[in-house]
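J.:
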């Protein structure tokens, strides 16, 4: 019996410290190292922690956001994807960015991935008098993206039924007509009973006391600073390249 125990112990010693569950990798269509678990060191990688905490599902997993919260490189695997942030997964996120939305391809995106950037949130439409603002939005994005500006476009059909298309049609329109490269998201509702949680936060005076209030039309703009605070609101009809808007953007970008 003792000999058998010693043999088992010796065998366990030569097993690599980092082990994985092949069935989970197969389920998610990933290599085992994507969700590597290091039993010997007593930790999960950030993907492994997320997978376990969400009932072994990646249905709402945003790798870029989770890697940022965990303090590791998004392309890390195996032991290199062990969180360096001791607070992960219980990392505090600014309330304005504590939302998960779907991008225009249907992938889950946690807005926390943009924390530290200056964010302009815009409800957009393809058949509106303000639609040419896409050109200005893209110009603004191209000019300031290297300094930390990101523009998030949220198609909505709430005003004059001016965004009737599917996500696929909207994507094609934006890319072909205005060469839009800034992030675009799946169509949502920005007012009324089915208002998206993000827009409920932005328009409710209890959560956005200074800049809250109903969305007036397509292409209303909220500017969120690097710390997640809403710092400005721009009227729907105001072109994004208006000097006053540029001033607000540059002021927000100047904050470290």
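Numbering (this note's numbering), first residue to last: 170 to 425.
Heads up, the beta-carbon is just placed ideally off N, CA and C, and yes, glycines get one too.
Do the stretch 280-292 and the stretch 306-326 meet, that is, are 3 or more Cβ pairs less than 8 Å apart?
T.: yes
J.: Given a cut-off of 9 Å on the beta-carbon distance, is the pair residue 225 and residue 196 in contact?
T.: Walking along the chain shown from the start, residue 225 turns up at place 56. Walking along the chain shown from the start, residue 196 turns up at place 27. The answer is yes: Cβ separation under 9 Å.
J.: Which one or two residues does DSSP pair with residue 272 in a beta bridge?
T.: Here residue 272 is taken as the residue at index 103 of the chain shown, counted from 1. According to DSSP, which records beta bridges pairwise, residue 272 is partnered with 354.
J.: Which value, in whole angstroms, describes the spacing of the CA atoms of residue 246 and residue 205?
T.: Taking the first residue of the chain shown as position 1, residue 246 is located at position 77. Taking the first residue of the chain shown as position 1, residue 205 is located at position 36. The straight-line gap from Cα to Cα measures roughly 7 Å.
J.: Since residue 273 and residue 354 are thought to touch, with beta carbons under 8 Å apart, how far apart are those beta carbons, to the nearest angstrom?
T.: One-based indexing of the chain shown puts residue 273 at position 104. One-based indexing of the chain shown puts residue 354 at position 185. Between residue 354 and residue 273 the Cβ distance is about 6 Å, and since that is below 8 Å, they are a contact.
J.: Under 8 Å: do the stretch 340-349 and the stretch 384-396 share three or more Cβ pairs, one atom per stretch?
T.: no
J.: Span of the alpha helix (DSSP H) holding residue 221?
T.: For the purposes of this step, residue 221 is identified with residue 52 of the chain shown, where counting begins at 1. Its alpha helix (DSSP H) spans residues 215-222.
J.: Just to confirm before moving on: does the CB-CB distance between residue 394 and residue 400 stay below 9 Å?
T.: As a working mapping, residue 394 is identified with position 225 in the chain shown. As a working mapping, residue 400 is identified with position 231 in the chain shown. Yes, the Cβ-Cβ distance between residue 394 and residue 400 is below 9 Å.
J.: Span of the alpha helix (DSSP H) holding residue 360?
T.: For the purposes of this step, residue 360 is taken as residue 191 along the chain shown, with counting starting at 1. From DSSP, residue 360 is part of no alpha helix (DSSP H); its letter is neither H nor E.
J.: Which residues in the same chain as residue 232 place their Cβ atom closer than 7 Å to its Cβ, once the five residues preceding and following it in sequence are excluded?
T.: One-based indexing of the chain shown puts residue 232 at position 63. Closer than 7 Å at Cβ, skipping near neighbours: 243.
J.: Are the CB atoms of residue 249 and residue 260 nearer to each other than 9 Å?
T.: Numbered from 1 along the chain shown, position 80 holds the residue referred to as residue 249. Numbered from 1 along the chain shown, position 91 holds the residue referred to as residue 260. No, the pair does not count as a contact, with Cβ atoms beyond the cut-off.
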